[in-house]
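K.L.:
Mind looking over this structure? Questions follow.
Protein chains in written order, with this note's numbering: chain A, -5 to 494; chain B, -5 to 494.
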């Protein structure tokens, strides 16, 4: 006889599989879908989204959840109880949003991505602007339904990571901006000459092989995942046994695909490392909010991938594929070059020091849009202006400026801050991991990343949603997100790179 | 105010978009899915199949259909009326099958394909046999629900093309087998020496480019379609604006990928050529049964792709990619070589004369399985025995024998006869098209296939399901499927090839 909890668990797994289909369709839309099929895909995703919302707000499901909740925590183990709480929270959030709005949002979402892609390809923000306006309107509307007392942008922030309000973020970013500007000044005054990475021709089929080798060595399991190409790198897919990451290739620039695949591998290893026991596919097994997700990708990209011991492993692999392009280069030359600091048009290609400025730019613009300080039609000019102020340049084109990120194309606001919060959390985690595993980095140079993968699997991935992001960071690092510790790491590292 | 008909039309379109998602997931399963993800994909497809069945048998939908049906034909145009009839038929079929059985069938289906793939890779039929038994049992069970009066195998035949019973097919195949054996004898007694296609190394990345060029020249529209790789070539996808065909590449054999892509292009052009007006996504716009579908693919593969004028266009393209492999070859050499007749292990690689024998082999085995004449556990031996009798050889391996086709791996019985019925119908259509367009073949050599594409678009693709397959064949060719006309075509062609 099935218990009530088992009944809930089965239903949550079933709903999760429908959400997985949506995840899969989203991956396909960004990596495979023929251009002429956007409209049919939009219909498919809209119809399935409506079914998922309808079934997630089913009265019988709600009743079951409340009955289990009323039985009380003592009747369940911690995983079961957490599932009940998470199901309750999701049910309560879902019923707040009318199904008509769910449908409208899904309809706009498919169209918006298509328009963003078209705008980017045609270097014309005005193609996308009307959709951006619709996205913002609908986002406000959803926020109002979810919590009419809260500022709509704070509700957006909540949707990616609960517990970090715009007030918290303002404080963190203020401190960070000032600390970074000091480090940046020291770098700029340094006399150290660092080679520039070669802009030679890097055959794409060889890049694909290289990326594959690096990602699998880092721990990406192709038996339960794939690597493909898309306009904007991302990690998606429909299940933790079907994790699909993408990158894009530039014949003139190897580091673009390389660093982005290391980043995505961090996300992918998180997904692949989640629970596979009886709690698989239930809420407690899911990844925590996006701060923790980005902590995993940025830890891998920045602390591992741009560290000297990783380069001692990775650069010989690079030279195996591209010997001519790197003739005369030593590992240390490459290490310095990959850590060279300087303004970059694209956020995803920028260095550790200027990257947070890209984030602050987007975060401030989003707040201004949601506070009616700027209008959607003026966003391109506002972007360029802020880029001059924060980064010191005006983007060469709209495609490499206001249109560069897929996030707004997806109607997703309040995401950007999680990159920088995640970078800080990830860096703190890495310091702890290093303390607990003194041979960690020494093993990197032999291509052995098992210690860090195991550590992250056990400390983060398998913990699922048992705790909140803030609790997990506190538990692991004995601290909340700490700007000073992050600035210290950066200062130490770039002092050694730039010998200032 | 929405009319009742509009309400039905919207609901049918919505259900069609869910079926489209299933089509897409099936394509992904065969072409992209990581091995470790089969089980999660199976869950996704099972859950969505159950939702689709539940919503297709919804009482309210049934009531709406009957109300519209009761209004009578005179109230609607022919497209609308056909939609009402097709919706009624689908509703009546769907409610006959219990949802529990739908779920069970979907569950087995995902697992079965995985086991077939594993069996094929390991050259071991016994890995797949238990699943094949389950497939047959469940197929019988479904047949019994659909029509307890009919032989279960005839119900299977109906599911791919209504109107051709096993009695009809027995008669057609008897006549065909005898006619083919006469032609085959003449060919075997011919002294004509025909070159064998080179088994040189054909670089796969070049094959991919070649296939792309040929398929798009034939009329495949990549704006609403894709070409990928899978273990067994097929055409699938989720919509007529998202048609995905696949092939597989063999470094030693160019014709394998080439002929199969021409075949799939026939299917793909059918799908891409379906209605895009207000009837798009409603039942009347869908492709007719599989006899007509295969008539399109085999017309293109056999009558166009293996014809001399097509070779006059295609062979120079082949030589552009592979000049060394074909040094000294003329167009006519290639034409003869591609039409060389002889036993082939694989159905998909076999020539026009022995191909139907492959079909008859499978058809007879399926009937024997469904009639309990042979047991699933003895199928491999039965296959080998029948192969000796019909084709004159025993397959080298189980992978290239009983496991070669994906159909049984998909739990699909009663499909094979439609290939040969389709080949005959397609050949009859081609003769008519040629009569109506005297310059048709002369234009082929310039790479101009617009006439045939337009003819098929107008006469077949845009006709959707307005008529039955039998009616359409009669209307287009002024005849039913005619074995003699097919044998005449073959005799004339191979007389000229083999100069017998």
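From the three backbone atoms N, C-alpha and C, an ideal C-beta is built for every residue, glycine too.
Between A:13, A:61, A:26 and A:66, which lies nearest to residue 40 (chain A) when the distance is taken from Cα to Cα?
P.N.:
Considering only alpha carbons, the answer is A:13.
K.L.:
Assign residue 366 (chain A) to buried or exposed, taking buried as 16 or more other Cβ atoms, counted over all protein chains shown, within 10 Å of its Cβ.
P.N.:
Looking at its Cβ environment, which holds fewer than 16 other Cβ atoms inside 10 Å, residue 366 (chain A) is exposed.
K.L.:
State the Cα-Cα distance for the pair residue 465 (chain A) and residue 158 (chain A), rounded to the nearest angstrom.
P.N.:
Their Cα atoms are separated by approximately 13 Å.
K.L.:
Suppose the cutoff is 7 Å on Cβ atoms and the five residues either side in sequence are ignored; what does the same chain contact list for residue 15 (chain A) look like?
P.N.:
Here the set comprises 42 and 232.
K.L.:
What separation, rounded to the nearest whole angstrom, lies between the Cα atoms of residue 290 (chain A) and residue 83 (chain B)?
P.N.:
Rounded to whole angstroms, residue 290 (chain A) to residue 83 (chain B) spans 53 Å at the Cα level.
K.L.:
Just checking: is the beta-carbon of residue 233 (chain A) within a distance shorter than 8 Å of some beta-carbon in chain D?
P.N.:
Here chain D cannot be found, since the structure's protein chains are A and B.
K.L.:
Taking buried to mean at least 16 other C-beta atoms within 10 Å of its own C-beta, is residue 496 (chain A) buried or exposed?
P.N.:
For chain A, the structure presents residues -5 to 494; residue 496 (chain A) sits outside this window and is missing.
K.L.:
Leaving aside the five residues before and after residue 391 (chain A) along the sequence, list all residues of the same chain whose C-beta is less than 8 Å from its C-beta, in chain order.
P.N.:
Excluding residues within five positions, the ones whose Cβ falls inside 8 Å are 117.
K.L.:
Of the residues that make up the stretch 213 to 244 of chain B, which ones have a beta carbon closer than 7 Å to any beta carbon in chain A?
P.N.:
Flagged, chain order: 216, 217, 218, 219, 220, 232, 233, 235 and 236.
K.L.:
Quick check: what's the CA-CA separation for residue 241 (chain A) versus residue 38 (chain A)?
P.N.:
Each residue's alpha carbon lies about 25 Å from the other.
K.L.:
Is residue 382 (chain B) buried or exposed, if buried means 16 or more other CB atoms sit within 10 Å of its CB?
P.N.:
Classification for residue 382 (chain B): exposed.
K.L.:
So the candidates are A:-2, A:189, A:-5 and A:5; which of them puts its Cα closest to the Cα of residue 274 (chain A)?
P.N.:
Out of A:-2, A:189, A:-5 and A:5, A:5 has the C-alpha closest to the C-alpha of residue 274 (chain A).
K.L.:
DSSP three-state label for residue 229 (chain A), please.
P.N.:
Strand, per DSSP.
K.L.:
Taking a contact to mean a Cβ-Cβ separation below 8 Å, would you say residue 220 (chain A) touches residue 417 (chain A) in this structure?
P.N.:
No, the pair does not count as a contact, with Cβ atoms beyond the cut-off.
K.L.:
Let me know if residue 361 (chain A) comes out buried or exposed under the rule of 16 or more other beta-carbons within 10 Å of its beta-carbon.
P.N.:
It is buried - the Cβ of residue 361 (chain A) has at least 16 other Cβ atoms within 10 Å.
K.L.:
Using DSSP with H/G/I as helix, E/B as strand and the rest coil, what is residue 43 (chain B)?
P.N.:
Residue 43 (chain B) falls in the helix class under three-state DSSP.
K.L.:
Output the distance between the C-alpha atoms of residue 533 (chain A) and residue 96 (chain A), rounded to the nearest integer angstrom.
P.N.:
It is not possible to answer for residue 533 (chain A), since the shown part of chain A is limited to -5 through 494.
K.L.:
Around the Cβ of residue 527 (chain B), are there at least 16 other Cβ atoms within 10 angstroms (buried) or fewer (exposed)?
P.N.:
Here chain B comprises residues numbered -5 to 494, so residue 527 (chain B) is not present and cannot be evaluated.
K.L.:
Rounding to the nearest angstrom, what Cα-Cα distance links residue 101 (chain B) and residue 141 (chain B) in this structure?
P.N.:
Their Cα atoms are separated by approximately 23 Å.
K.L.:
Going by CA-CA distance only, name the one from B:488, B:355 and B:164 that's closest to residue 300 (chain B).
P.N.:
Out of B:488, B:355 and B:164, B:488 has the C-alpha closest to the C-alpha of residue 300 (chain B).
K.L.:
Which same chain residues end up closer than 6 Å to residue 180 (chain A) when comparing Cβ atoms and leaving out the 5 residues on each side of it in sequence?
P.N.:
So the list reads 494, once near-sequence residues are dropped.
K.L.:
Quick one: does residue 34 (chain B) have its CB under 8 Å from some CB of chain A?
P.N.:
For residue 34 (chain B), the answer is yes, since a Cβ of chain A falls inside 8 Å of its Cβ.
K.L.:
Applying a beta-carbon distance threshold of less than 7 Å, which residues of chain A neighbour residue 45 (chain B)?
P.N.:
The answer, in chain order, is 45.
K.L.:
Find the residues of chain B that neighbour residue 38 (chain A), judging by a C-beta separation of less than 9 Å, and give them in chain order.
P.N.:
Result: 11, 12, 14, 15, 18, 232 and 233.
K.L.:
What are the boundary residues of the beta strand (DSSP E) that includes residue 91 (chain B)?
P.N.:
Taken as a continuous stretch (DSSP letters only), residue 91 (chain B) belongs to no beta strand (DSSP E), as it is neither H nor E.
K.L.:
Can you find a CB in chain A that lies within less than 8 Å of the CB of residue 405 (chain B)?
P.N.:
Chain A, which has no Cβ nearer than 8 Å to the Cβ of residue 405 (chain B), makes this no.
K.L.:
Can you list the residues of chain B that residue 8 (chain A) reaches, using a CB-CB cut of under 7 Å?
P.N.:
Per Cβ cutoff of 7 Å: 41.
K.L.:
Our contact map puts residue 19 (chain A) next to residue 477 (chain A) with C-beta atoms below 8 Å; I'd like the distance itself, whole angstroms only.
P.N.:
Wrong, their Cβ atoms sit about 39 Å apart, outside the cutoff.
K.L.:
Determine the extent of the alpha helix (DSSP H) in which residue 239 (chain A) is found, giving its start and end residues.
P.N.:
Element bounds for residue 239 (chain A): not the alpha helix (DSSP H) but the beta strand (DSSP E), 236 to 241.
K.L.:
Here's the rule I'm using: 16 or more other beta-carbon atoms within 10 Å means buried, otherwise exposed. How should residue 436 (chain B) be labelled?
P.N.:
Residue 436 (chain B) should be labelled exposed.
K.L.:
Is there a C-beta anywhere in chain B that falls below 8 Å from the one on residue 453 (chain A)?
P.N.:
Closer than 8 Å: no.
K.L.:
Considering just the uninterrupted stretch of the alpha helix (DSSP H) at residue 471 (chain A), what are its terminal residues?
P.N.:
Per DSSP, residue 471 (chain A) belongs to the alpha helix (DSSP H) from 463 to 471.
K.L.:
Rounded to whole angstroms, what's the CA-CA distance from residue 29 (chain A) to residue 217 (chain B)? Just pull it up for me.
P.N.:
Rounded to the nearest angstrom, the two C-alpha atoms are 6 Å apart.
K.L.:
So residue 219 (chain B) is in the beta strand (DSSP E); what residue range does that whole segment cover?
P.N.:
Looking at the DSSP string, the run of the beta strand (DSSP E) that includes residue 219 (chain B) is 219 to 223.
K.L.:
Give a yes or no on whether 8 Å exceeds the smallest Cβ distance from residue 28 (chain B) to chain A.
P.N.:
Yes, because at least one Cβ of chain A sits closer than 8 Å to the Cβ of residue 28 (chain B).
K.L.:
Below 8 Å on the Cβ atoms is my contact criterion, and I expect residue 2 (chain B) with residue 81 (chain B) to pass it. Report the Cβ-Cβ distance as a whole number of Å.
P.N.:
The pair is a contact, with the Cβ atoms about 7 Å apart (cut-off 8 Å).
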